[in-house]
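Engineer: Take this structure first; my questions come after.
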Amino acid sequence: MSKIDGLQRRCSGVLLHPTSLPSGSGIGDLGPAALSFVEYLAAARQTLWQVLPLGPTGYGDSPYSSPSAFAGNPLLVALDPLVEQGLLAESEISSLTDLPEDHVDFGQLAPLKRNALETAFARGRDRLQPEIEAFKAQHAEWLDDFSLFAALKDEFEAAWTDWEPGLRARQPAALAAARERLTQRIDFHVFCQYLFFDQWSAVRRRAAELGIEIVGDIPVFVAHDSADVWAHQHLFKLDELGQPHVVAGVPPDYFSATGQLWGNPLYDWEAMAREEYRWWIARFRHLLEEVDIVRIDHFRGFEAAWEVPFGETTAVKGQWVHGPGEAVFAAIAEAIGGGPPPVVAEDLGLITDEVRALLRATGFPGMKVLQFAFGGGADNPYLPHNYLDPNCLVYTGTHDNDTTRGWFSGLSDAERAHVCRYVGTDGAHISQDLMRLALSSIARIAIVPLQDVLDLGSEARVNTPGAPEGNWTWRVQASQLTPERAKCLAELTTLYARV
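Here the sequence shown is numbered in the working numbering, starting from 2 and rising by one per residue.
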């Protein structure tokens, strides 16, 4: 494969999940707040917005633990446009305006948002029927299974492996009976998906008008309790009851003596190959209708995955099992028009020569993270003087890191001194210093979390891997999106020829 033409220009962007946008209804959404944010990015002369996964959230309110690899998150549906359409009254969303503005309280938010969407559904299902039917026809490949899965989850309030045997095994008679019994619930979930994708399309159109491309996200693994696994059980390593034979994780390392046990089911790559990777092709094709560039989370899973027997309480007793390698990307490339997909590969963590070879074979840009660069020797691959190939993407930090200011304050004296010597700073403006270091590097793409643009501390951290709660709740305040911060980023962007 050749390198991706669409990722050859020198550019920069900002990382922010839409739930973190400011709005008056308890969570960032795809209404005026998102449209205003793309205007802010344009003022800062940015040409990329990295949004992370946009699907429904699962365990820990994480967008990386979703009941669907295709669906959108109904919590992101903006309600103000529904008021303008006459589907809701102001009084019917007043309870949402009383929610906190500085963080997302998912426990309070979810039932209130659902009640509002159900009210809008009751008023809008007939009025919007032609548009909804067209949407259903366009997305039937995944929407039929997802909407039934979501309706059954409402009914049973249990994982699909605990449903009655006929539904668990997807027997045609059981599925037909469920579709008849749950028609209204199915239609409600279709309605929510229609609203999500309609509003997201408007955001993306405005971004395109302003020259801003969207960087989306594909996590390699999917949740076991998901419409994808339930609908495609033969493509995963499951037993006859739907339970995994093996689950995903990472082996013991310097950071964890027992490794990390993620619990996702593993793909049966031989079954995937027999179907010519049809599910993966559908997944890429769908996401590329919604975003411009795809970041693959845990790219190394395509070369090999750490498989742990189901039922183990740690990841110690696992083994590396090879994945499809370049074959899956060749199939995707052929299906979407012959050229390689516009992909950025997350190649952090335990990376072997085999993973590096796969990255070279695909031509995908890998990732550099400046927060990983300091405290060691001059040969650290994340130090910018070691970037020998511009075909990479540099971050100050990612959504899994602390903010730069928070990270810097937590360093040891020796690490902090290394940063200051390397960057030529006293650390008083460390967020701007690392932004400058990223944007001045030869890396073709530079992305900065919004928290660093705004010079925020650890209070603005969005995710701490391994923490069971408190993640994905941070929200930016509209007052923090000042013209001065946008101007600072714009000047660095212009200075280092990223426009």
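Beta carbons: idealized from backbone N, C-alpha and C, even for Gly.
Because the structure is a prediction, the values reported are computed rather than measured.
Tell me whether the stretch 292–310 and the stretch 322–340 touch, counting them as touching only if at least three CB pairs, one residue from each stretch, are closer than 8 Å.
Structural biologist: Yes, the stretch 292–310 is in contact with the stretch 322–340.
Engineer: Which residues in the same chain have their Cβ closer than 7 Å to the Cβ of A444, if we skip the five residues on either side of it in sequence?
Structural biologist: Closer than 7 Å at Cβ, skipping near neighbours: K369, Y388, P391, C393, L394, V395.
Engineer: How should I5 be labelled, buried or exposed, when 16 other C-beta atoms within 10 angstroms of its C-beta is the threshold for buried?
Structural biologist: Below a pLDDT of 50, predicted positions are generally treated as unreliable, and I5, at 47, falls in that range; the measurement from the model is reported next regardless. When all chains shown are included, I5 counts as buried.
Engineer: Considering only C-alpha positions, which residue in the set G61, L129, Q51 is nearest to Q86?
Structural biologist: Per the Cα distances, L129.
Engineer: Helix, strand or coil for G7, going by three-state DSSP, please let me know.
Structural biologist: Only weak support is given to the placement of G7: the predicted model assigns it a pLDDT of 49, under 50, and the value that follows is read from those uncertain coordinates. In this structure, G7 counts as helix in the three-state DSSP scheme.
Engineer: So S1 is in the alpha helix (DSSP H); what residue range does that whole segment cover?
Structural biologist: Residue 1 is absent from the structure shown; the chain starts at 2 and stops at 500.
Engineer: Rounded to the nearest angstrom, how far is the Cβ of G14 from that of I448, given a contact under 8 Å?
Structural biologist: Contact flag correct, Cβ pair sits at about 5 Å.
Engineer: For K488, which of helix, strand or coil comes out of DSSP?
Structural biologist: DSSP places K488 in helix when its eight states are reduced to three.
Engineer: Can you tell me whether P173 is buried or exposed? The criterion is at least 16 other CB atoms within 10 Å of its CB, across all chains shown.
Structural biologist: By the 10 Å Cβ count, P173 comes out exposed.
Engineer: Could you give the DSSP three-state label for W281: helix, strand or coil?
Structural biologist: If DSSP states are grouped into helix, strand and coil, W281 belongs with the helices.
Engineer: Go ahead and label A468 buried or exposed: buried means 16 or more other beta carbons lie within 10 angstroms of its beta carbon, across all protein chains shown.
Structural biologist: That one is exposed.
Engineer: I want to know whether the stretch 427–435 touches the stretch 449–457 - three or more CB-CB distances under 8 Å.
Structural biologist: Result yes; three or more Cβ-Cβ pairs closer than 8 Å.
Engineer: Please classify P266 as buried or exposed, where buried requires at least 16 neighbouring CB atoms within 10 angstroms.
Structural biologist: Buried.
Engineer: Mind pulling the alpha helix (DSSP H) runs of 4 or more residues that sit fully within the stretch 279–360?
Structural biologist: Segments of the alpha helix (DSSP H) lying fully in the stretch 279–360: 279–289, 327–336.
Engineer: Can you check which of these residues, G471, S26, A160, is closest to D99 by C-alpha distance?
Structural biologist: With distances taken between Cα atoms, D99 lies closest to S26.
Engineer: Express the C-alpha separation of G61 and W473 in angstroms, rounding to a whole number.
Structural biologist: About 8 Å.
Engineer: Considering only DSSP beta bridges, list what W50 is partnered with.
Structural biologist: Partner(s): V15, I215.
Engineer: Pick from P131, F136, T58, A138: whose alpha carbon is nearest that of A111?
Structural biologist: Looking at the Cα atoms, T58 is the closest of the given residues.
Engineer: For L53 versus P64, is the C-beta distance shorter than 7 Å?
Structural biologist: Contact flag set, yes.
Engineer: Would you give the residue range spanned by the beta strand (DSSP E) that K369 belongs to?
Structural biologist: Taken as a continuous stretch (DSSP letters only), the beta strand (DSSP E) holding K369 covers 367–370.
Engineer: Going by other Cβ atoms of all chains shown within 10 Å of its Cβ, with 16 needed for buried, is A179 buried or exposed?
Structural biologist: Counting Cβ neighbours within 10 Å, A179 comes out buried, since at least 16 surround it.
Engineer: Where do the ends of the alpha helix (DSSP H) carrying W231 lie?
Structural biologist: Start and end: 228–232.
Engineer: Roughly how many angstroms separate the alpha carbons of L144 and D199, rounded to a whole number?
Structural biologist: Roughly 15 Å separates the two Cα atoms.
Engineer: Does the contact criterion of 3 or more C-beta pairs under 8 Å hold for the stretch 223–242 versus the stretch 353–372?
Structural biologist: These segments do not touch.
Engineer: Is Q478 buried or exposed, if buried means 16 or more other CB atoms sit within 10 Å of its CB?
Structural biologist: So Q478 ends up on the exposed side.
Engineer: Distance, Cα to Cα, M2 vs G338?
Structural biologist: Model confidence at M2 stands at a pLDDT of 38, short of 50, so the residue's coordinates are unreliable and nothing is read from them.
Engineer: So L36 and V221 are in contact, right, with Cβ under 8 Å, and what is the actual spacing, rounded?
Structural biologist: Incorrect: roughly 32 Å between the Cβ atoms, too far for contact.
Engineer: Please name the residue in E470, L42, L113, R169 whose C-alpha comes closest to that of L490.
Structural biologist: Considering only alpha carbons, the answer is L42.
Engineer: Taking the C-alpha atoms as reference points, what is the distance between I282 and C421?
Structural biologist: If you take the alpha carbons of I282 and C421, they lie about 46 Å apart.
Engineer: Comparing C-alpha positions only, which one of G428, D401, D218, W307 sits nearest to S410?
Structural biologist: The option with the nearest alpha carbon to S410 is G428.
Engineer: Hey, how far is the Cα of P131 from the Cα of Y497?
Structural biologist: C-alpha separation (whole angstroms): 49 Å.
Engineer: Could you give the uninterrupted runs of the alpha helix (DSSP H) lying entirely in the stretch 38–115, keeping only those of 4 residues or more?
Structural biologist: Counting only runs of 4 or more, we get 81–85, 95–98.
Engineer: Could you check if R169 belongs to the surroundings of the ligand SAM, using beta carbon to heavy atom distance under 6 Å?
Structural biologist: With respect to the ligand SAM, the structure shown offers nothing to examine, as it has no ligands at all.
Engineer: Less than 7 Å separating the beta-carbons of C193 and L89?
Structural biologist: No.
Engineer: By how many angstroms is the C-alpha of Y423 removed from the C-alpha of L262?
Structural biologist: L262 and Y423: Cα-Cα distance of roughly 37 Å.
Engineer: Considering only residues of the same chain and omitting the five flanking positions on each side of G7, which have a CB-CB separation below 6 Å?
Structural biologist: Bear in mind that a pLDDT of 49 at G7, under 50, signals an unreliable position, so the number given afterwards is only what the model happens to contain. Within the same chain, G7 has close Cβ partners P343.
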